[in-house]
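J.: Chains as they are written, first to last, in my numbering: chain W, 1 to 251; chain P, 1001 to 1286.
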Ligand SMILES: Nc1ncnc2c1ncn2[C@@H]1O[C@H](COP(=O)(O)OP(=O)(O)O)[C@@H](O)[C@H]1O
Ligand SMILES: [Mg+2]
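(1) How close, in whole Å, do the beta carbons of residue 127 (chain W) and residue 156 (chain W) come, if the pair is a contact with beta carbons under 8 Å?
(2) Mapping the DSSP letters down to three states, classify residue 1171 (chain P) as helix, strand or coil.
(3) At the 8 Å Cβ level, is residue 1196 (chain P) part of the contact set with chain W, yes or no?
(4) Taking Cβ to Cβ, would you say residue 218 (chain W) is nearer than 8 Å to residue 33 (chain W)?
(5) Run the CB neighbour count on residue 232 (chain W), radius 10 Å, all protein chains shown included, and call it buried at 16 or more, exposed below.
(6) Closer than 8 Å, Cβ to Cβ, to anything on chain P: give me those residues from the segment 88 to 99 of chain W, in chain order.
(7) Quick one: is residue 147 (chain W) near chain P, going by C-beta distance under 8 Å?
(8) Does residue 1161 (chain P) have its Cβ less than 8 Å from a Cβ in chain W?
(9) Helix, strand or coil: how does DSSP classify residue 1106 (chain P) here?
(10) When DSSP labels each residue in this structure, what does residue 1084 (chain P) get in the three-state scheme?
(11) For ligand 2, is there any heavy atom lying closer than 7 Å to the beta carbon of residue 1169 (chain P)?
(12) Residue 161 (chain W): which of P:1149, P:1160, P:1174, P:1169 sits nearest, CA to CA?
(13) For a cutoff of 8 Å on Cβ pairs, would you count residue 1185 (chain P) as touching chain W?
(14) As a quick exercise: from P:1010, P:1015, P:1036, pick the residue whose alpha carbon is nearest that of residue 1263 (chain P).
(15) What residues are listed by DSSP as bridge partners for residue 7 (chain W)?
(16) Under a CB-based cut-off of 8 Å, is residue 1283 (chain P) close to chain W?
(17) Enumerate in chain order the residues of its own chain whose CB-to-CB distance from residue 103 (chain W) is below 7 Å, with the five nearest sequence positions on each side excluded.
(18) Using the beta-carbon of each residue, find all residues closer than 5 Å to any heavy atom of ligand 1 and list them in chain order.
(19) Assign residue 1145 (chain P) to buried or exposed, taking buried as 16 or more other Cβ atoms, counted over all protein chains shown, within 10 Å of its Cβ.
(20) For residue 132 (chain W), which three-state DSSP category applies?
(21) Can you confirm whether residue 81 (chain W), when its beta carbon is compared against all beta carbons of chain P, has any partner nearer than 8 Å?
(22) Report whether the distance from the Cβ of residue 224 (chain W) to the nearest heavy atom of ligand 2 is below 7 Å.
(23) Answer yes or no: the CB of residue 203 (chain W) versus the heavy atoms of ligand 2, is any distance below 7 Å?
(24) Quick one: grab the DSSP three-state call for residue 228 (chain W).
(25) Please report the residue range of the beta strand (DSSP E) in which residue 1272 (chain P) lies.
(26) Whose C-beta lies closer than 6 Å to the C-beta of residue 36 (chain W) among residues of the same chain, with five residues either side of it excluded?
(27) CB of residue 77 (chain W) to nearest heavy atom of ligand 2: below 7 Å?
(28) Looking at the strands, I want to know which residues DSSP matches up with residue 90 (chain W).
(29) At the 8 Å Cβ level, is residue 151 (chain W) part of the contact set with chain P, yes or no?
(30) Taking residue 1180 (chain P) as the query, report the chain W residues whose CB atoms sit under 7 Å from its CB, ordered along the chain.
(31) How would you call residue 1123 (chain P), buried or exposed, if buried means at least 16 neighbouring beta carbons within 10 angstroms?
(32) How is the beta strand (DSSP E) around residue 1015 (chain P) delimited, first residue to last?
(33) Of all the residues that make up the segment 41 to 61 of chain W, which are near chain P by a beta-carbon distance shorter than 8 Å?
(34) Comparing the C-beta of residue 223 (chain W) with each C-beta of chain P, is any distance below 8 Å?
(35) Any beta carbon from chain B within less than 8 Å of residue 64 (chain W)'s own beta carbon?
(36) How many Å lie between residue 1058 (chain P) and residue 1197 (chain P) at the Cα?
This is the structure:
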């Protein structure tokens, strides 16, 4: 396994309360890693350390290292916008920007000046909407507000928007928890299709989804990583008692 | 399953009747005001009224119009609104960004609410004392400053409400795509808040242009259109007041006509702002 993200001695705090305790894990390249654990165990917090989102919380602090391709994203000379450009985020609830469907996808291309001229933009927007499986549904209403879409469509729009800035890593924080079952399936299918090109890290609180998606699994409990390893091994033969209890649905 | 006169039903029907009658009273008053002003003012609302300044003997029924007051009011209200906007926007942003839900934020909002409630004649008197102390005469500038002060609390509080409703998700979504803070502010926050800010500005403009008491002392009144900030200036509310208080029916009629002009200006501006807001509102996240 080749690690894309390496987490070393990572601690995270909200004010004085410690939310992550000495995390040491490696996230494999171009596979889906699933982070599981009961509510409040620090899954979201861990995910937020990967795109430097934790610092958006007042009073949150981090010690330790998160290496992406061997480079510490918490090093002093790191440009946080560059980090976030390399790491796409699919939030728990889709948050379309206050713009048209077209502009939502074009926005990232625009701020990073990744295309030149109208035609290139149009092609790119079409391409990423197709990748996200939304093109056919929106091609006739590209200039309508993104808020007119159903919540499931909005989440696919957010996927297209995130992919458009050509990240290497996709983070998903329970990206299907606000969606209806059909829309959830859509997103899961897309993540599986895309995993050969992107390193994907998904937080989920449903065990079934974890089993459907995971190549690699991480189980957390009370701010600590209890167990991490290839999904098959974790699901069939967990080494830790707490992992076993969680998988059996005891908590 | 027949409908019966239960207590819950009676309460509901009573409440409904109450709400409906409130609405009827408000709509009726509005209609009555408009009808009074328009029916009395319309005969005197000639092209001369809106295109000329008062000539000699205007206030006894001779030739002229209230162009001085129309232009004066537009100068005063635009100037006051611009001044208020310059101060309000940073205050509102500061409230949201740094004071938030703190005690200080609470006190600032409280004092703004108090300022909002102070009658405009008090602002006028305050401005007047200030002018005396500085040795200034009634002028367009003084009128603008006082109107700016009057509009300030309305504008800040209206903007504060808009800014407080800005969803955090939106900023995060833009940041997650690698935006800088400035890009978030320019491309996302402003787009989301612009319609609300325009509404706040026009609310304040409406109060400014309609206010008579504060400009009475500070801007004065003159038949000429001001050509510099230091000259006194006329205003529509005072034009209405002066003409209505003459004993001549023809002049009183012109007073009503001036009121119609003021109403039309306010109406045009609020319709215009509705139109702009609606266009900008299309993409905002509710
Ligand atoms: N903004 C915050 N301020 C203070 N504590 C927080 C904040 N967000 C999360 N926490 C705490 O950190 C711990 C981990 O939270 P989180 O990462 O959201 O868990 P999960 O996503 O696994 O449900 C929880 O105990 C939670 O109460
Ligand atoms: Mg969470």
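Ideal Cβ positions, reconstructed from N, Cα and C, are used throughout, including at glycine.
T.: Let me spell this out:
(1) Within the first chain, numbered from 1, the residue matching residue 127 (chain W) stands at position 127. Within the first chain, numbered from 1, the residue matching residue 156 (chain W) stands at position 156. Going by Cβ atoms, the distance from residue 127 (chain W) to residue 156 (chain W) rounds to 14 Å, so no, they are not a contact pair.
(2) As a first step, residue 1171 (chain P) is located in the second chain; it is residue number 171 there, counting from the start. Helix at residue 1171 (chain P).
(3) The sequence position of residue 1196 (chain P) within the second chain is 196, counting from 1. No, residue 1196 (chain P) does not count as interfacial toward chain W.
(4) On the first chain, residue 218 (chain W) is found 218 positions in, with the first residue counted as 1. On the first chain, residue 33 (chain W) is found 33 positions in, with the first residue counted as 1. Yes, Cβ-Cβ distance for residue 218 (chain W) and residue 33 (chain W) is below 8 Å.
(5) Locating residue 232 (chain W) in the first chain gives position 232, counting from the first residue. Exposed, because fewer than 16 other Cβ atoms sit within 10 Å of the Cβ of residue 232 (chain W).
(6) 88, 89, 91, 93, 95, 96, 97, 98, 99
(7) Indexing the first chain from 1 puts residue 147 (chain W) at position 147. Taking Cβ atoms only, chain P reaches closer than 8 Å to residue 147 (chain W), which makes this a yes.
(8) Here residue 1161 (chain P) refers to the residue found at position 161 when the second chain is read from its first residue. Residue 1161 (chain P) does not count as touching chain W.
(9) As a position in the second chain, residue 1106 (chain P) is number 106, starting the count at 1. Correct three-state label for residue 1106 (chain P): helix.
(10) Counting from 1 along the second chain, the entry for residue 1084 (chain P) is found at position 84. Looking at residue 1084 (chain P) - three-state DSSP - the assignment turns out to be helix.
(11) Position 169 of the second chain, counting from 1, holds the residue named residue 1169 (chain P). Result no, Cβ not under 7 Å from ligand 2.
(12) Here residue 161 (chain W) is taken as the residue at index 161 of the first chain, counted from 1. Looking at the Cα atoms, P:1174 is the closest of the given residues.
(13) Translated into the one-based positions of the second chain, residue 1185 (chain P) becomes position 185. Residue 1185 (chain P) does not count as touching chain W.
(14) In the second chain, counting from the first residue as 1, residue 1263 (chain P) sits at position 263. The shortest Cα separation from residue 1263 (chain P) among P:1010, P:1015, P:1036 belongs to P:1036.
(15) Indexing the first chain from 1 puts residue 7 (chain W) at position 7. Answer is W:25, W:66.
(16) Position 283 of the second chain, counting from 1, holds the residue named residue 1283 (chain P). Closer than 8 Å to some Cβ of chain W, the Cβ of residue 1283 (chain P) qualifies, so yes.
(17) Here residue 103 (chain W) corresponds to residue number 103 of the first chain, with the count starting at 1. Here the set comprises nothing.
(18) W:14, W:19, W:39, W:40, W:41, W:42, W:43, W:44, W:45, W:57
(19) Position 145 of the second chain holds residue 1145 (chain P). The residue in question, residue 1145 (chain P), is buried, as its Cβ has 16 or more Cβ neighbours within 10 Å.
(20) In the first chain, the residue the question calls residue 132 (chain W) occupies position 132. DSSP places residue 132 (chain W) in coil when its eight states are reduced to three.
(21) On the first chain, position 81 is the one that residue 81 (chain W) refers to. Output row for residue 81 (chain W): interface = yes.
(22) Indexing the first chain from 1 puts residue 224 (chain W) at position 224. False, no ligand heavy atom lies under 7 Å from that Cβ.
(23) Here residue 203 (chain W) is taken as the residue at index 203 of the first chain, counted from 1. Yes, the Cβ of residue 203 (chain W) comes within 7 Å of a heavy atom of ligand 2.
(24) Within the first chain, numbered from 1, the residue matching residue 228 (chain W) stands at position 228. Residue 228 (chain W): strand per DSSP, three-state reduction.
(25) Locating residue 1272 (chain P) in the second chain gives position 272, where the first residue counts as 1. Here residue 1272 (chain P) belongs to no beta strand (DSSP E); instead the alpha helix (DSSP H) covers 1249 to 1281.
(26) Locating residue 36 (chain W) in the first chain gives position 36, counting from the first residue. For residue 36 (chain W), where only same-chain residues beyond five positions count, the Cβ hits under 6 Å are 210, 219.
(27) Here the question's residue 77 (chain W) lines up with position 77 in the first chain. Flag unset: Cβ of residue 77 (chain W) not near ligand 2.
(28) Taking the first residue of the first chain as 1, we reach residue 90 (chain W) at position 90. DSSP, once it has assigned bridges, lists W:172 as partnering residue 90 (chain W).
(29) Position 151 of the first chain holds residue 151 (chain W). Chain P contact via Cβ: absent.
(30) Within the second chain, the letter at position 180 stands for residue 1180 (chain P). Ordered by position in chain W, the residues that pass the 7 Å Cβ test against residue 1180 (chain P) are 81.
(31) Within the second chain, the letter at position 123 stands for residue 1123 (chain P). That one is buried.
(32) Residue 1015 (chain P) sits at position 15 when you count from the first residue of the second chain. Here residue 1015 (chain P) belongs to no beta strand (DSSP E); instead the alpha helix (DSSP H) covers 1007 to 1041.
(33) 51, 53, 56
(34) As a first step, residue 223 (chain W) must be located in the first chain, where it is residue number 223. For residue 223 (chain W), the answer is no, since every Cβ of chain P falls outside 8 Å of its Cβ.
(35) The structure shown contains no chain B; the protein chains it does contain are W and P.
(36) Within the second chain, the letter at position 58 stands for residue 1058 (chain P). Within the second chain, the letter at position 197 stands for residue 1197 (chain P). So the alpha carbons of these two residues sit roughly 41 Å apart.
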